[in-house]
Amino acid sequence: MDARVQTRPAAVPIGLIPTPFQSRLEALSRAKSWVNWAGYISPAVLDTVEFEYFAIRNQATLYDISPMHKYRIRGTDAGAMLNRLVTRDVRKVHLGRVSYVLWCDEDGKLIDDGTLFRLGLDDWRLCCQEPMAGWLDDAAWGFDVTVTDESHTVAGLALQGPTSFAVLQAAGLGTARALKPFDIQEFEPGLQISRTGFTGDLGYELWTSWARACALWDRLWQAGAGQLRAIGFEAMNIARIEAGFIAARSDFQPANTAIRLGRGRSPIELGFSRMVDFAKGHFNGRRALLRDKPQYSLVRLDVGGFKPADGALIYHRRKKEVGHVTSGVWSPTAKRNIALAELRAPFGADVADDLWAEIYVNAEGTWERRLERVTVQTQPFFRNDRARATPPGLF
Amino acid sequence: METFDVIVIGAGHNGLAAAAALGARGKRVCVLERSAGVGGMADGRLAHLVYNLSEAERRRLGVHLSEVDTVSLARDGRHVAIRGGSAAYADGGAHPDAAAYAALHARLVRFAGVLAHLAEAPPPGFEGGLTSLEGLREIARLGKVGLGLKRLGKAEMREFLRVVLSNAFDTVLDEIGDGPLAGALTADAVRGAWAGPRSPGTVFSLMYRLGQGGRVFRAEGSMGAVAAAYAEKARAAGCDIRVGVPVARVVVEDDRAVGVELEGGVRIAAQAVLSSAGPLQTMLLAGVAHFDVEAARRARGMRAKGSAAKVNFALSGRPLFTGLSEAQHGARLVVAPSAAAVEQSFNPAKYGELPKAPVLEMVLEDGRLSVIATHVPYEGWTDARRAALGALVAETVEAYAPGFASLVTGTEVLTPADIAAMTGAPGGHWHHAEMGLDQVLTLRPIAGNARYRLAVGGLYLCGASAHPGGDVTGLPGRNAAGQVLADGVL
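Those protein sequences? They're chains R and P, same order as listed.
In case it helps, this note's numbering puts the first sequence at residues 6 to 400.
In case it helps, this note's numbering puts the second sequence at residues 96 to 585.
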C-alpha cells in the first residue's frame, strides 16, 4: 500500500495573487510600490503617502481589504462556539451588529483580533489579519457549526473619510444613512455594508463577491469623481496609529506564530481589559488570564521632537530600559509625534513619569542620538465626532 | 437532590480503588457504573491474568492469587517453559540461552525497579515552585530516582540509559537468539500496544510489565474475583456502588464540577467528580466548551488504538497441547514463535488488516480457553471479520492442540471496538492510552493533565489512561484519590 499523499501542485499559483481590484489599482498606481499582504499584491502607496493620508482625513478614500482573512461560521452552536473562542460575550452582539473581538490561546495570550459580523441568527463572519482556518477548525470541534474560509471568495473595500457617506449616496446607496457605527446590513442582493473601519474616522466597509468586485469599484469611483482617492497601506497605517488601533505583528505578536517563548501578550496587557468578560462563562485562556498578573502594558505615547520614534527603546530616568515603541509616526492631523509602545510593568500603568525615548536620526550620513521625553496618553490621538454621528454628515 | 462528597464515574477496578481510598478517609462516595456489573476491563470476560499487582495491594485486597509459569509454544514441539528469570524446555531439557536470558531478565527487573516507585504517586512536577514545601518534596522524589540509578553502578546506569528509550527487539536479540523465548518476551513488551517489538519505547513498556518482578498470577476462581475484591473494599469503606446507572453529563457551574446528571435527568451533587473514562470522553461529559481549544486538541490527539482482541472459546472438553505436561496446561500459554513473528503480526494491523499469524496469550480454564489475540485493527469491524478472526485464532490453536476445533462449542470475539463499547476504554485500548514514551509520566495521559486534574475545578481522571497506566494495579485510582485530597477540593 502506498500511503503517500498525492498533491497536484499545478493548482497552486506561484508568486503573489492579484486581488479582484488589481486591474483598477494597477491603472491608478504611479508609485508602483506594492507589498505582500497575506499572499496578495497590495499597494503600499499608489501616488504619494501625503496625498493619500490627507484624503483619509479630508475627503474619501478606497482601500482594498480583500486580503483580510474572512471566515463564515454557521450552525446552531455558532454562538456557543464563538463565545468559547473570543473574550467578549457574543450573546450581546445582536443581528446586524459588528463587534471588535479578541481571542487567546490557553495561556491567555492574544492569537489575533478582528471584527465579528452577525449576519443571521446562527450566521457569523469573522474577519481578521492572520490565517485562522486551522485554529477555527479546532475551536469548532465538538460544536454543531461549519466553518467556511471565505478569504478567496468575499471581496472587501474600505471607504473611509469624512465624505464617505456622500460618496455612498451619490452611488445610490443613500439608505446606508441609517447605519450606526458597528452596524451591518445587506443593501442590495450580494452587497453588504458595515459602518466599520481602521481609521477612526467616518467610514464604511463594503463586502461583495469577487465576481462583482470591479463593478462595485467602478460604481463608487464614478460617484466619487474628484473627491475619492485610492490609497495604500502606508497612509492607512498612519491613520490607524492616530486612532490608537493595534496591528498584528507590530503591536503584538500573534501567539500562534511566535516561535520564541514569552512573546505573547494578553488582551489585558494590550489595554483591552474592558473587552474581557470573565462573567460570561469559560472562554479560551480565561483561567490563565485570571491567574497571571499582567507583565506589560501597551500605551499611547506623545513623543517629544518631530522624528518618528518607530522601534525606539524607552527608558525610565534616562537610564533604565523599560520597553520599546511598537508603532511610531508623525501625526499630520494632531501635529504631534505619536507612538504606541510596550512597557514592562509597572511602567506605563503605575509609573508613567520620567520616561524617555531613544531615537536615532540619520542626518545626511551622520547618526544623532536623541533622548526625547514621552508622556502617556489615555485618549486616541485622533478623535472626531463626525465618526460617530448618525445620520452621518454630508460634507 | 442527593449529595455526596465525591462521585466516581465507572466501577472499573481503578474507579473502585479511588472510591475505596476516599471512603477510607471518611468521604461519602458514590460510584456510578453504566454496565450491569463492576470490574470494567478487569472483568473475567476480558482479563484472565494479573501481572503488576503489588504485594501490598494484593494483601490489602485479600485476593488469592497463584503464580503460573509461562509456556511459549513452538511449532517443532520444543516449547519453552519460563518462570521469572529461568527458562528451560518444557520437557525439562536445558535451554541454550538460559543463562543469557536470566541475566537479561534480572537486569530489566532491576531497571524496572528504579522506575517502579514513580508509579506509586502522581508523576513528578514542579508546579509549586522550588521555594515551596511541595516543590522540595518533588525534588526529594526525583532525587530518589537519581539515587536508584546511581546505586546501579556506573556500567549498569550507562546500560539503563542506553536501552530505556530503545526497542525491545534489539535489546532482547542482543542477548539471546530469536525463537519462542525471545518471542514471549517481546510479545509481553507490546501486548495491547499499538507497537511492534521494533517500535521505539518498547523497552520502557517491557520494564513497565516487569515493574513488580514480572511474575504472572491467576486469580483463584476467575478474574471476576479480583474485581469483586475491589468492589468489596470500596463497599467496606462505605462507598455506594450503583450499577446500570449511566451518567449523561458532568454538571459544571462557575468553572467547577458540582455533580452529575444521569440519563433520565436525575442530578446527584458532589464537590468532586472522578472519571474512569479517558480525558476526551470526560471533557465531552462536562461539555467541550468548558475546556480550552488546545486541551481538547491534545485529548483528541491522545493515542489509544486498541490492538488486542479477546477471544473466548467455550469448550466441551479439555484440549491437549502436544508436548505439554498436565501441569503445564495450567500455565500461561503463549504463541509467539519469534520476535520477528511478533513484529510481523503488527504489520497488517497498521493497514487495517487481520494478522496472518496472530500472537496469542491463552489461559485454559474449566470449560473455556481464554485468548488475547494481537495485533488486530482497532476499527473497521464487521460480523464477518469477527468470525474470520475467531476462525484464525482457532486454527492457530489447533496447530498446537490437535482436535481443539472439535471441542469448541461457542466462540466469543471481542474486538477493540467491542471492548470500547463495553467498558468505555478509549479505543478499546488495554491501557486506555498507549504506553508510549510520549504518553507516560508527566505526559500521561496528555500534556497538562498529569496531576489527574482536568481544567474544570473538582474534575479528575482516575482510570488507566492516567499515570502510571494500565494493568490491574489500582494505582491510577489510588493516586487520583490522593491528588483530590491533596488539592483540598473536598
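Idealized CB from N, CA, C, for every residue including glycine.
Small disclaimer: the values here were computed from a predicted structure and weren't measured.
Roughly how many whole angstroms lie between the Cα atoms of residue i and residue j?
{"i": "P/P191", "j": "P/A169", "result": "15 Å"}
{"i": "P/L268", "j": "P/G291", "result": "14 Å"}
{"i": "P/A365", "j": "P/A384", "result": "21 Å"}
{"i": "P/V103", "j": "P/R573", "result": "12 Å"}
{"i": "P/L369", "j": "R/H287", "result": "21 Å"}
{"i": "R/A230", "j": "R/K312", "result": "35 Å"}
{"i": "R/L196", "j": "P/A390", "result": "39 Å"}
{"i": "P/L175", "j": "P/L459", "result": "The amino acid occupying residue 175 of chain P in the given sequence is Val; Leu does not appear at that position. C-alpha separation (whole angstroms): 17 Å."}
{"i": "R/R322", "j": "R/D110", "result": "35 Å"}
{"i": "R/P385", "j": "R/G249", "result": "5 Å"}
{"i": "R/A350", "j": "R/E326", "result": "12 Å"}
{"i": "R/L141", "j": "R/A49", "result": "30 Å"}
{"i": "P/V346", "j": "P/G552", "result": "11 Å"}
{"i": "R/N261", "j": "R/D112", "result": "11 Å"}
{"i": "R/F187", "j": "R/F170", "result": "15 Å"}
{"i": "P/R481", "j": "P/V508", "result": "6 Å"}
{"i": "P/N262", "j": "P/N442", "result": "16 Å"}
{"i": "R/T395", "j": "P/G543", "result": "50 Å"}
{"i": "R/S278", "j": "P/R153", "result": "56 Å"}
{"i": "P/P374", "j": "P/R344", "result": "14 Å"}
{"i": "P/V166", "j": "P/A279", "result": "9 Å"}
{"i": "P/F499", "j": "P/P414", "result": "5 Å"}
Taking the beta carbon of residue i as the centre, do at least 16 other beta carbons fall within 10 Å, making it buried, or is it exposed?
{"i": "R/R96", "result": "exposed"}
{"i": "R/W39", "result": "buried"}
{"i": "R/M6", "result": "A caution first: R/M6 carries a pLDDT of 49, below 50, which makes its placement in the model unreliable, though a value can still be read off. R/M6 should be labelled exposed."}
{"i": "R/T120", "result": "buried"}
{"i": "R/W372", "result": "exposed"}
{"i": "P/M96", "result": "exposed"}
{"i": "R/Y365", "result": "exposed"}
{"i": "P/H589", "result": "Shown here, chain P extends from 96 to 585; a query on residue 589 of chain P therefore has no answer."}
{"i": "R/L221", "result": "buried"}
{"i": "P/G309", "result": "buried"}
{"i": "P/R393", "result": "buried"}
{"i": "P/L228", "result": "exposed"}
{"i": "R/H74", "result": "buried"}
{"i": "R/G237", "result": "buried"}
{"i": "R/H99", "result": "exposed"}
Can you round the beta-carbon distance between residue i and residue j to whole angstroms, since I take them to be within the 8 Å contact cut?
{"i": "P/P571", "j": "P/A581", "result": "About 15 Å separates the two Cβ atoms, so there is no contact after all."}
{"i": "R/G276", "j": "R/S255", "result": "Rounded, the Cβ-Cβ distance is 15 Å, inconsistent with contact."}
{"i": "R/D315", "j": "R/S332", "result": "7 Å"}
{"i": "P/V311", "j": "P/R427", "result": "5 Å"}
{"i": "R/I78", "j": "R/L131", "result": "6 Å"}
{"i": "P/F408", "j": "P/L464", "result": "4 Å"}
{"i": "R/F122", "j": "R/S71", "result": "Actually they do not touch by this definition, with Cβ atoms about 16 Å apart."}
{"i": "R/F257", "j": "R/L115", "result": "5 Å"}
{"i": "P/S440", "j": "P/A422", "result": "With 8 Å as the limit, P/S440 and P/A422 do not qualify as a contact, their Cβ atoms being about 28 Å apart."}
{"i": "R/I319", "j": "R/P299", "result": "Going by Cβ atoms, the distance from R/I319 to R/P299 rounds to 17 Å, so no, they are not a contact pair."}
{"i": "P/R546", "j": "P/P217", "result": "6 Å"}
{"i": "P/L210", "j": "P/V355", "result": "Not really, about 35 Å apart at Cβ, beyond 8 Å."}
Compute the minimum distance between the beta carbon of residue i and the heavy atoms of the ligand ZN, and state whether it is under 8 Å.
{"i": "P/E233", "result": "Ligands in the displayed structure: none, and consequently the ligand ZN is not present."}
Please confirm whether residue i has its beta-carbon closer than 9 Å to some beta-carbon of chain C.
{"i": "P/F386", "result": "Protein chains in the displayed structure are R and P, and chain C is not among them."}
Problem set entry | Length-filtered (3 minimum) beta strand (DSSP E) runs lying within the segment 362-427 of chain P | At a cut-off of 3 residues, the continuous stretches assigned as beta strand (DSSP E) that sit fully inside the segment 362-427 of chain P are 362-364, 367-370, 403-410.
For this session: Would you list, in sequence order, the uninterrupted beta strand (DSSP E) runs of no fewer than 3 residues that lie entirely inside the segment 153-183 of chain P?
Result: Every beta strand (DSSP E) of 3 residues or more that sits fully in the segment 153-183 of chain P is shown, in chain order, as 160-162, 165-167, 175-178.
For this session: Output the residue ranges of the beta strand (DSSP E) runs that lie fully inside the segment 545-573 of chain P and measure 3 residues or longer, sorted by chain position.
Result: 554-556
Exercise. Do the segment 155-174 of chain R and the segment 60-78 of chain R touch if we need at least three Cβ pairs shorter than 8 Å?
Worked result: yes
Problem set entry | Validate contact between the segment 282-296 of chain P and the segment 108-125 of chain P using beta carbons, cut 8 Å, 3 pairs | no
For this session: Report yes or no: do the segment 383-398 of chain R and the segment 332-350 of chain P share at least 3 C-beta pairs separated by less than 8 Å?
Result: no
For this session: Please list the segments of the alpha helix (DSSP H) lying wholly inside the segment 128-154 of chain R, counting only runs of 4 or more residues, in order along the chain.
Result: 138-145
Exercise. Taking only runs of the beta strand (DSSP E) that begin and end inside the segment 331-382 of chain R, which ones reach a length of at least 3 residues, in chain order?
Worked result: 341-349, 360-368, 371-382
Exercise. For the segment 101-150 of chain P, which segments carrying the alpha helix (DSSP H) assignment without a break, of at least 4 residues, lie completely within its bounds, in sequence order?
Worked result: 108-119
Exercise. Curious, which full-length beta strand (DSSP E) runs of at least 3 residues does the segment 155-191 of chain R contain?
Worked result: 159-165
Problem set entry | At least 3 beta-carbon pairs within less than 8 Å: the segment 469-479 of chain P vs the segment 441-455 of chain P | Put simply, the segment 469-479 of chain P touches the segment 441-455 of chain P. At least three CB pairs are less than 8 Å apart.
Exercise. Touch check for the segment 333-350 of chain R and the segment 111-119 of chain P: three-plus C-beta pairs under 8 Å?
Worked result: no
Exercise. Three or more C-beta pairs closer than 8 Å, one from the segment 87-96 of chain R and one from the segment 264-283 of chain R: is that the case here?
Worked result: By the Cβ criterion, the segment 87-96 of chain R is in contact with the segment 264-283 of chain R, since at least three pairs of Cβ atoms, one from each stretch, lie closer than 8 Å.
Exercise. Does the segment 344-361 of chain P come close enough to the segment 482-496 of chain P to have 3 or more Cβ pairs within less than 8 Å?
Worked result: no
For this session: Scan the segment 183-224 of chain P and note each continuous alpha helix (DSSP H) run of 4 residues or more that stays entirely inside, going in chain order.
Result: 193-211
Problem set entry | Contact the segment 505-520 of chain P vs the segment 264-279 of chain P: 3+ CB pairs below 8 Å | No: the two stretches stay apart, fewer than three of their Cβ pairs being nearer than 8 Å.
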